[in-house]
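Here the structure comes first, spelled out in C-alpha coordinates, and everything after it is commentary.
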Amino acid sequence: MEAFVPNLQKIVLIKGAGHWTQQEKPAEVNAALLEFIADLRA
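Start counting the sequence shown at 583; every next residue gets the next number (my numbering).
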(Lines of atoms letter the chains of each structure in order from A and count residues from 1; the text may use other names and numbers.)
(Lines give C-alpha, C1' and ligand atoms only; values in the text may rest on other atoms or scores of the structure.)
Protein backbone atom coordinates (compact mmCIF):
# COMPACT_ATOMS: atom_id res chain seq x y z
CA MET A 1 0.00 0.00 0.00
CA GLU A 2 2.82 2.40 0.86
CA ALA A 3 4.12 2.21 -2.72
CA PHE A 4 0.83 3.55 -4.06
CA VAL A 5 -0.12 6.14 -1.41
CA PRO A 6 2.42 8.89 -0.79
CA ASN A 7 2.67 10.06 2.83
CA LEU A 8 0.61 7.14 4.12
CA GLN A 9 0.61 7.61 7.88
CA LYS A 10 -1.34 4.65 9.17
CA ILE A 11 -3.29 1.58 8.11
CA VAL A 12 -6.22 0.53 10.28
CA LEU A 13 -7.46 -3.04 9.93
CA ILE A 14 -10.87 -3.74 11.40
CA LYS A 15 -11.24 -7.45 12.02
CA GLY A 16 -14.50 -9.09 11.12
CA ALA A 17 -15.49 -6.46 8.57
CA GLY A 18 -15.86 -6.84 4.83
CA HIS A 19 -16.48 -4.35 2.04
CA TRP A 20 -19.17 -2.51 4.02
CA THR A 21 -16.93 -1.76 6.98
CA GLN A 22 -18.84 1.35 8.07
CA GLN A 23 -22.08 -0.68 8.16
CA GLU A 24 -20.63 -3.82 9.75
CA LYS A 25 -18.43 -2.19 12.41
CA PRO A 26 -19.65 1.39 12.85
CA ALA A 27 -18.19 1.93 16.32
CA GLU A 28 -14.74 0.82 15.22
CA VAL A 29 -14.87 2.97 12.07
CA ASN A 30 -16.00 6.01 14.05
CA ALA A 31 -13.22 5.50 16.59
CA ALA A 32 -10.62 5.30 13.80
CA LEU A 33 -12.02 8.43 12.11
CA LEU A 34 -12.07 10.39 15.36
CA GLU A 35 -8.46 9.40 16.05
CA PHE A 36 -7.49 10.48 12.53
CA ILE A 37 -9.20 13.86 12.97
CA ALA A 38 -7.61 14.38 16.38
CA ASP A 39 -4.18 13.71 14.88
CA LEU A 40 -4.81 16.37 12.21
CA ARG A 41 -5.47 18.96 14.90
CA ALA A 42 -2.30 18.11 16.85
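For each residue, glycine too, the CB sits at the ideal point set by N, CA and C.
Reduced DSSP category for residue i - H, G, I as helix; E, B as strand; rest coil
i: Val-611; result: helix
i: Phe-618; result: helix
i: Glu-606; result: helix
Assumed close pair residue i, residue j - CB separation to whole angstroms, cut-off 8 Å
i: Lys-607; j: Gly-598; result: 7 Å
i: Ala-620; j: Val-594; result: The pair is not a contact, with the Cβ atoms about 14 Å apart (cut-off 8 Å).
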